[in-house]
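Protein sequence lines correspond, in order, to chains A and B.
Mind the numbering: the first sequence is residues 1 to 297 in the numbering used here, read in order.
Mind the numbering: the second sequence is residues 298 to 594 in the numbering used here, read in order.
Where a beta carbon is used, it is the ideal one built from N, C-alpha and C, also for glycine.
There are 2 protein chains.
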Amino acid sequence: MLYIVGLGLGDERDITLRGLEAIRRCTKVYMEAYTSLLSFGLASDGLSTLEKLYGKSITVSDREAVEEKADDMLLEARDSDVAFLVVGDPFGATTHTDLVVRAKKLGVDVKVVHNASVMNAIGVCGLQLYRYGETVSIPFFTDTWRPDSFYEKIKRNRSLRLHTLCLLDIRVKEPTLESLCRGKKVYEPPRFMTINTAIEQLLEVEQNNNESVCGEDTPCVGLARVGCEDQKIVAGSMKQLLDVEFGPPLHCLVIIGDTHPLEEEMLEFYRVGRDDRAWGRIPPACRRGRGRCGQRR
Amino acid sequence: MLYIVGLGLGDERDITLRGLEAIRRCTKVYMEAYTSLLSFGLASDGLSTLEKLYGKSITVSDREAVEEKADDMLLEARDSDVAFLVVGDPFGATTHTDLVVRAKKLGVDVKVVHNASVMNAIGVCGLQLYRYGETVSIPFFTDTWRPDSFYEKIKRNRSLRLHTLCLLDIRVKEPTLESLCRGKKVYEPPRFMTINTAIEQLLEVEQNNNESVCGEDTPCVGLARVGCEDQKIVAGSMKQLLDVEFGPPLHCLVIIGDTHPLEEEMLEFYRVGRDDRAWGRIPPACRRGRGRCGQRR
Chain A
1 MLYIVGLGLG
11 DERDITLRGL
21 EAIRRCTKVY
31 MEAYTSLLSF
41 GLASDGLSTL
51 EKLYGKSITV
61 SDREAVEEKA
71 DDMLLEARDS
81 DVAFLVVGDP
91 FGATTHTDLV
101 VRAKKLGVDV
111 KVVHNASVMN
121 AIGVCGLQLY
131 RYGETVSIPF
141 FTDTWRPDSF
151 YEKIKRNRSL
161 RLHTLCLLDI
171 RVKEPTLESL
181 CRGKKVYEPP
191 RFMTINTAIE
201 QLLEVEQNNN
211 ESVCGEDTPC
221 VGLARVGCED
231 QKIVAGSMKQ
241 LLDVEFGPPL
251 HCLVIIGDTH
261 PLEEEMLEFY
271 RVGRDDRAWG
281 RIPPACRRGR
291 GRCGQRR
Chain B
298 MLYIVGLGLG
308 DERDITLRGL
318 EAIRRCTKVY
328 MEAYTSLLSF
338 GLASDGLSTL
348 EKLYGKSITV
358 SDREAVEEKA
368 DDMLLEARDS
378 DVAFLVVGDP
388 FGATTHTDLV
398 VRAKKLGVDV
408 KVVHNASVMN
418 AIGVCGLQLY
428 RYGETVSIPF
438 FTDTWRPDSF
448 YEKIKRNRSL
458 RLHTLCLLDI
468 RVKEPTLESL
478 CRGKKVYEPP
488 RFMTINTAIE
498 QLLEVEQNNN
508 ESVCGEDTPC
518 VGLARVGCED
528 QKIVAGSMKQ
538 LLDVEFGPPL
548 HCLVIIGDTH
558 PLEEEMLEFY
568 RVGRDDRAWG
578 RIPPACRRGR
588 GRCGQRR
């Protein structure tokens, strides 16, 4: 049996009892690192905290390991119980759907343990989930590659007066172009896109296309570290959010469509300039800094 | 402090460690019943199972209690730690956003513990979450009230080739019209919409509007009890799904847009007529029937 276990968004305490039971039943535990490295702070003691909680040692799998060596893991899962841990919910990333398909083809039973992901936890900003249009991804622009397919999607959502969730680029263990040419991979340092960079890129694309999809006055919500103890949520115009320091990853951005009065009331708590410590305040009992978020505070 | 704790979708084991810690810290524990009655099977021993796990007694709050007496709970939360438990994620329902707004206005600190909800767990069917358009709700038709605003939304999603998640009506503790006229409330028995009824209503609306938004051949996925041990997922045309018995609540329906090859591969596992026991098979260790889903198997 392969258990694909969602770990949620915050720290080690965001696992469910069902997930914890599954892991403790397994003979081997893998964790995907490529979408979660930044959340987990694996460079610090995040991994050992998890191992202690689970009573198991964890093998961290980067993208290459999962995509190239998945079959080894799946063959193990045919004969014994194996857990594959994923930050957020197992179906937040296409890669994990692919893993399920491969497992089924090999005749390996799969069991999924769900958890919160940004796709539903984004509801915390007060904008109702059923008022969102298509989700978009904003990739890092480079000197030679400035893809802007997100612009058309945001345009459609805005014409329907819907909110748009923008997921921002994460680059973990990306080989440098130079090293690929030489045939021996050397990796770039991990990078994540900030809300500020996302807005800069959006404004640049708007300037190039000039279709009034967004601009400095477009109302948005910036969310950093959703679901973590130190999450930060600020609502304001694109121009206002450009100057906000959101802190460590991960960041995402919502471009606001038409709002209902209740949505407006919630957004008011997050308005630029308000004391955001008043909302989502951390109670003393939780301040022990045990989590992967706490480590970055 | 008011802790709004998501319980996830399956049974009592779907709570997170963070949620469990919060509840155990609280002097009073409330649980909303109006969106969760059917999931929890409160008529059976579901409630006592939760109380035993939490080591706390739980006050079940129906819609009226939450909407009319919320201030009492919030005043308690100003002086002590109070938990409010919600099936799924706290922000799946507008009512809970309203609760947060009321809490903030009274100066009550709020802390949210996220969990899986249908809005992200729907990813289990293999259709990628970022390929969904606006979510729609399909209400029960009555002899005199046949609202079809969902039709326009589905039409838009389909013209954009996006998937549509249809949330199906739940009627818990609804006063009868007759009793409202008499001034003394008598409640209808709880009802939930099946996938079959949803499709019948969709086909009726299509027949009336005749805009080729959907029809008997439209590919869909029906999902019952997502995240529960006995979840059932079947992919097929509307006509095919009309004949499928999905069993106990809750049900939802996805109308499929354009698909990628990976999405097709996943859907293949759920195709009508396949032995769906092969997928999501329940391992013996989980068959103890402790959960609210188990009770209905």
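- Neighbours of His114(A) across chain B, judged by C-beta separation under 7 Å: Gly305, Leu306, Ala413, Ala418 and Gly524.
- Between Asn417(B) and Ser117(A), the gap from beta carbon to beta carbon is short of 8 Å.
- The criterion of a C-beta distance shorter than 8 Å is not satisfied by Gly215(A) and Lys232(A).
- Listed along the chain, the chain A residues whose CB falls inside 7 Å of the CB of Val421(B) are Phe91 and Val112.
- Taking the CA atoms as reference points, Val410(B) sits about 43 Å from Leu180(A).
- Look at the region 414-449 of chain B and you find these whole runs of beta strand (DSSP E), each 3 residues long or longer: 433-435.
- The shortest CA-to-CA distance from Asn454(B) to any of Lys401(B), Ser509(B) and Asp466(B) is the one to Ser509(B).
- Of the candidates Asn210(A), Val254(A) and Val110(A), the residue whose Cα lies closest to the Cα of Leu2(A) is Val110(A).
- Taking a Cβ-Cβ cut-off of 7 Å, the neighbours of Glu562(B) in chain A comprise Val101, given in sequence order.
- Around the C-beta of Glu268(A), fewer than 16 other C-beta atoms lie within 10 Å, and the residue is accordingly described as exposed.
- Between Pro90(A) and Gly6(A), the beta carbon gap of about 5 Å places them in contact (Cβ cut-off 8 Å).
- Residue pairing by DSSP places Cys511(B) in no beta bridge whatsoever.
- Residue-level contact by beta carbon holds for Arg453(B) and chain A, with a gap shorter than 8 Å.
- Tyr130(A) and Val551(B) have their C-alpha atoms roughly 14 Å apart.
- By the CB criterion at 8 Å, Leu372(B) and Asp98(A) fall outside the cutoff.
- Between Lys69(A) and Ile23(A), the gap from beta carbon to beta carbon reaches 8 Å or more.
- Beyond the five residues adjoining it in sequence on each side, Leu162(A) comes within less than 7 Å, by CB distance, of Arg131, Tyr132, Gly133 and Gly257 in the same chain, given in chain order.
- Annotation for Pro516(B): the continuous beta strand (DSSP E) segment containing it runs Pro516 to Ala521.
- Rounded to the nearest angstrom, the Cβ distance from Gly227(A) to Gly46(A) is 15 Å, too far for a contact under 8 Å.
- Listed by position along chain A, the residues whose Cβ is nearer than 7 Å to that of Ile467(B) form an empty set, because the closest Cβ is around 14 Å away.
- Here Arg146(A) is exposed: its Cβ has fewer than 16 other Cβ atoms, across all protein chains shown, within 10 Å.
- For Gly305(B), the pairing in a beta bridge is given by DSSP as Gly385(B).
- When DSSP assignments are scanned along the region 164-206 of chain A, the uninterrupted stretches of beta strand (DSSP E) that are 3 or more residues long and fall wholly within it turn out to be 164-168.
- The C-alpha of Lys184(A) is placed about 51 Å away from the C-alpha of Met266(A).
- Ranked by how close their Cα comes to the Cα of Leu520(B), the residues Leu500(B), Val383(B), Glu542(B) and Lys325(B) have Glu542(B) in first place.
- Between the alpha carbons of Ile170(A) and Phe192(A) lies a gap of roughly 4 Å.
- The three-state secondary structure of Ile312(B), taken from DSSP, is coil.
- Residue pairing by DSSP leaves Val363(B) without any beta bridge partner.
- At a cut-off of 8 Å between C-beta atoms, Leu457(B) counts as an interface residue with respect to chain A.
- With at least 16 other beta carbons inside 10 angstroms of its own, Gly389(B) counts as buried.
- The alpha-carbon of Glu471(B) is positioned some 31 Å away from that of Arg375(B).
- Asn115(A) sits away from Asp230(A), with the two beta carbons spaced by 8 Å or more.
- In the three-state reduction of the DSSP assignment, Lys325(B) falls in the strand class.
- In this structure, the alpha-carbon of Lys28(A) lies about 17 Å from that of Val100(A).
- Here the alpha carbons of Lys239(A) and Leu203(A) stand approximately 10 Å from one another.
- Per DSSP, reduced to three states, the secondary structure at Ile154(A) is helical.
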